[in-house]
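Number of protein chains: 2
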Amino acid sequence: MQAKTGKLIKPHSDATADLILDVAQELLQTRGYNGISYQDIAEQVGIRKASIHHHFATKAELGVKLLCRYRRQWHAFLAGVDESTAGPWEKFDQYLDPFRATARTGDRACLCGILGAEFAALAPELQQEVQGFFRDNETWLAALLSHGRRSRQFRFQGDAASEAAVIFACLEGSLIVARAARNPLQFDAVIVQLKGRLGR
Amino acid sequence: MQAKTGKLIKPHSDATADLILDVAQELLQTRGYNGISYQDIAEQVGIRKASIHHHFATKAELGVKLLCRYRRQWHAFLAGVDESTAGPWEKFDQYLDPFRATARTGDRACLCGILGAEFAALAPELQQEVQGFFRDNETWLAALLSHGRRSRQFRFQGDAASEAAVIFACLEGSLIVARAARNPLQFDAVIVQLKGRLGR
DNA sequence: GTCTATAAGATGATAGAC
DNA sequence: GTCTATCATCTTATAGAC
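Read top to bottom, the protein sequences are chains A and B.
Residue numbers for the first sequence follow the working numbering, beginning at 57 and rising by one.
Residue numbers for the second sequence follow the working numbering, beginning at 57 and rising by one.
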């Protein structure tokens, strides 16, 4: 669709659509899916409601497209961490960076953490994406933990999947709780504690 | 108000208002604050929208009253745990019971965990109550952890407040993640892991 | 205390001009 | 691709009869 520009390889790059998704994501991470409207997005983008509908016919479609982009970016990020030659501890730190960045904003939590809270109110397609994001993270974390323990750098009891679930749930929960407490430092304290648990 | 019945000591006990709060709480725990309406509540209670407004003039007032009741019940619950002669491990288990019960429903998360996710979209009075609930829990948990470590039954690094923050964030996050995964057993696995961390 | 009726505004969505 | 105008519906909330 709309392959007029010279970039033949990446035909799907509508600047306006991307901007809409940027704004929608920021609003969603602060107020939740049912807390934002096309009107809210339109105002921040600087166009009219109808123009948003031109790019994303329905709110559910906008949500799905947003989550697809989010997961695509996340996969690229995780792949980057995997490619690095760093050890388990450095990789864990790299993984935590986006969470730390979100905590520092003071007004956002994880996109999927918030959508997870509104889970039953979401369209099935959106629910699937949220599920997928959770699964992706727990799987990746479990692999990292597994490797780290084999190389005797991480220490923890039980299976890697359970430990991954604890760490991921803790990250999602911390972002929500620390934001409500208006205390980003609480998130850092949780990280310190989580690391101590893995053997420092 | 309305002290017609013989119960002179507890004048504030409107059965309909309580039922409304019951229904509102259940809906809120599944769909979130912005995911439910007076209409939704009215249908489940079996009365009309206007009748809900008679008991709770505005939605924010309903939310605040609901959270006040929730925190009151929670305080009573925590006081009950404190009064028991059980040891730290048993008390921790008692504390976990409501979380386990919520996880088993399969479609609810913690009321305040969900409201925390929608934080910026809430009225300031509601935000305060959510903050208060988080603080109450972390304070209580920190005290339990502190006592448990002094009596050499719990083992953990760092200060009790940080460990309490980790455990509480983990519980809130787990309820959200496990529900999305449609796997209540995942919550139990997290509990096992959390306990292992404290020394089994 | 509950009801019907209704207001006033927001919301997701569409039609059609430019 | 963006706009104005409009629609149907939902939402919170109020007025007033029973």
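In this text, a Cβ means the ideal position worked out from N, Cα and C, and glycines have one as well.
Quantities reported herein were computed from a predicted structural model and do not represent experimental measurements.
Check	Outcome
Assuming the contact rule is C-beta atoms closer than 8 Å, tryptophan 130/A and glutamine 209/A should be a hit. Round their C-beta distance to whole Å, please.	That belief does not hold up - the Cβ atoms of tryptophan 130/A and glutamine 209/A are roughly 24 Å apart, past 8 Å.
Could you tell me the alpha carbon to alpha carbon distance between arginine 164/B and proline 180/A, rounded to whole angstroms?	17 Å
Could you tell me the distance, in whole angstroms, from the CA atom of phenylalanine 243/B to the CA atom of histidine 111/A?	39 Å
Would you mind stating whether alanine 159/B and leucine 250/B have Cβ atoms separated by less than 9 Å?	no
Does aspartate 153/A have its Cβ less than 9 Å from a Cβ in chain B?	no
Can the beta-carbon of isoleucine 227/B be found less than 9 Å from the beta-carbon of phenylalanine 133/B?	Just to set this straight, residue 227/B is leucine in the shown sequence, not isoleucine. Taking 9 Å as the Cβ cut-off, leucine 227/B and phenylalanine 133/B do not qualify as a contacting pair.
Of the residues Asn90/B, Gln184/B, Ala216/B, which one's Cα is nearest the Cα of alanine 199/B?	Ala216/B
Can you list the residues of chain B that glutamine 21/A reaches, using a CB-CB cut of under 7 Å?	Because chain A spans 57 through 256 in this model, residue 21/A falls outside it and cannot be assessed.
Give the DSSP-derived three-state secondary structure of aspartate 192/B in the structure shown.	helix
Only counting the same chain, and skipping five residues up and downstream in sequence, which positions put a Cβ closer than 7 Å to that of glutamine 85/B?	Arg164, Ala165, Leu167, Ile170
Can you tell me the Cα-Cα spacing of alanine 113/A and threonine 195/B, whole angstroms?	47 Å
How far does the alpha helix (DSSP H) with glutamine 81/B in it reach, from first residue to last?	71–87
Would you kindly work out how many angstroms separate the C-alpha atoms of glycine 252/B and glutamine 213/A, rounded to a whole number?	7 Å
When the Cα atoms are used, what is the spatial distance from alanine 73/B to glutamate 219/B?	38 Å
Kindly list, in the order they appear in chain A, the residues whose Cβ is closer than 8 Å to that of glutamine 129/B.	Simply none; closest approach about 20 Å.
Label leucine 83/B either buried or exposed according to how many other C-beta atoms from any shown protein chain fall within 10 Å of its C-beta, with 16 as the threshold for buried.	buried
Any beta carbon of chain B sitting closer than 9 Å to that of aspartate 163/A?	yes
Quick check on the burial criterion: 16 or more other C-beta atoms within 10 angstroms. Buried or exposed for leucine 241/B?	exposed
For my contact list, arginine 235/A and phenylalanine 175/B are in at a C-beta cut-off of 8 Å; report their separation, rounded to the angstrom.	6 Å
So isoleucine 232/B contacts chain A; which residues on that side make the cut at Cβ distance below 7 Å?	Gly169, Gly172, Ala173, Glu228
Just verifying my parser: in three-state terms, what is the DSSP assignment at glycine 136/B?	helix
Quick one: grab the DSSP three-state call for asparagine 239/B.	coil
Is arginine 205/A helix, strand or coil when you go by DSSP?	helix
On the CB-based measure, 16 or more other CB atoms within 10 Å of its CB, does glutamate 99/B come out buried or exposed?	exposed
Identify the contact partners of leucine 250/B in chain A, using a Cβ-Cβ distance below 9 Å as the criterion.	Val222
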